[in-house]
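First residue of the sequence shown: 1042, per the working numbering; consecutive thereafter.
Glycine residues also receive a C-beta, built at the ideal position from the N, C-alpha and C atoms.
Some notes on the structure that comes next.
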Amino acid sequence: MKAIISDIHGNLEALQAVLADIQSLGITEVYCLGDVVGYGPNPRECIDMVMDCQLVLLGNHDQGAMFDPDGFNQSAERAIFWTRAQLESASEPRAVRERRWEFLSERPRSHRENGYLYVHGSARNPLNEYVFPEDVYNQRKMERIFALVERYCFQGHTHVPGIFTENMQFLSPEEIDFVYKLDGRKTLCNVGSVGQPRDGNWRACYVILDNDVIRFRRVEYDWQKTRDKIYQIPDLDNFLGDRLGEGR
C-alpha cells in the first residue's frame, strides 16, 4: 500500500496535514509526482520534507526554479523567481542550499514499475502536458496518451482529481464514492493537489493505492495560515492565497 501525492506548491500546512494523515493510516511508502515548489510561501521546508519520500518526480515548477520558466503566466513566473531566490538565500548554510538544488536536479521525469507509470503531466509529455476532464471529448489526444500507457498511469499537474477510462469517461472522486477498482483495462488517475486543489474543494487531496484499489483522500488544513503568509510576500500575488479557500 502506498500514498501518491502531487502538486504541493510550497504549501507547508497542507503537506504537513497530508503526511500526518498518511502516517495515521500506517502507510510508509509515499510517491510524489512533482511540483513541490511554486506559488506557495514555504518552498524550502517542503523540499526538505519530501526528501523522505520513496519517489519524487520533477514537476514543471520544480524545473522552472532551476532554469528559466517556460510558458508560465506572469503571476506564476514572479512566484517561481521568488522561489528561486529563497533557495539561493545566503541566510542558510551553503551545504543545505546545495543539498536542495542537487535533490531537485536529480529528479526523474517519469517512473515505471510493474505496469504502473508515474508522471507529473502526461504519458506523452511527463512534464508539461495537461490532461483535463474535458479532454475525454478530444479522442485523438486521449488515444495517443493511452497508447503510451501499459496499464495504469498516475499523474497530477491539473490539480483536478479523478479517473480517466480508455472508453473516454472521466469520473470525479464524488461520482465513484472516492473509491475506484482497477480491472486490467488501461486507466489514468489524477491524484489531485496537496497544496492548491482546483476542483472546488479546498481540502488537500491525494490517493492511496492498495493493491488494485484507488482511494481518494481529502484532508483539512489551516489554509488561512498559508494565505496569510502569502499576503506578507510582495512577490506572491494575493489571489494565490485567496484561491486556497475556494479550491480554484
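Beta carbon of residue 1231, beta carbon of residue 1275: below 8 Å? no
From residue 1176 to residue 1131, what distance separates their C-alpha atoms? 44 Å
Cα separation between residue 1185 and residue 1253? 24 Å
Check whether the segment 1097–1112 touches the segment 1062–1078, taking contact to mean three or more Cβ pairs, one atom from each stretch, closer than 8 Å. yes
Beta-bridge partners of residue 1203, as assigned by DSSP: 1231
With a threshold of 8 Å on Cβ separation, who are the neighbours of residue 1048 within its own chain once the five nearest residues in sequence on each side are excluded? 1074, 1075, 1076, 1100, 1197, 1198, 1200, 1233, 1234, 1235, 1236, 1237
Look up residue 1251 in the DSSP assignment and give the residues it is bridged to. 1254
Determine whether the beta carbon atoms of residue 1051 and residue 1079 lie at a separation below 8 Å. yes
Contact defined as beta carbons within less than 8 Å: I believe residue 1257 pairs with residue 1219. What is the distance between those atoms, to the nearest angstrom? 4 Å
Beta-ladder partner(s) of residue 1219, from DSSP: Its beta-bridge partners do not exist; DSSP assigns none.
If you compare alpha carbons, which of 1061, 1157, 1138, 1125 is closest to residue 1004? Past the boundaries of the shown model lies residue 1004; the chain is included only from 1042 to 1289, so the question cannot be answered.
First and last residue of the uninterrupted alpha helix (DSSP H) at residue 1056: 1053–1065
Let me make sure I understand the geometry here. Which of 1097, 1141, 1045, 1082 has the alpha-carbon closest to that of residue 1279? 1082
Should residue 1085 be labelled buried (16 or more other beta-carbon atoms within 10 Å of its own) or exposed? buried
Answer with buried or exposed for residue 1287, where buried requires no fewer than 16 other C-beta atoms within 10 angstroms of its C-beta. exposed
Pull up the distance between the alpha-carbon of residue 1179 and that of residue 1071, whole angstroms please. 32 Å
Looking at the strands, I want to know which residues DSSP matches up with residue 1362. Given that the chain is displayed from residue 1042 to residue 1289, the structure contains no residue 1362 and the question cannot be resolved.
What residue does the alpha helix (DSSP H) around residue 1308 start on, and which one ends it? In the structure as shown, the chain begins at 1042 and stops at 1289. Residue 1308 is therefore absent and cannot be evaluated.
Coarse secondary structure for residue 1170, derived from DSSP in three states: coil
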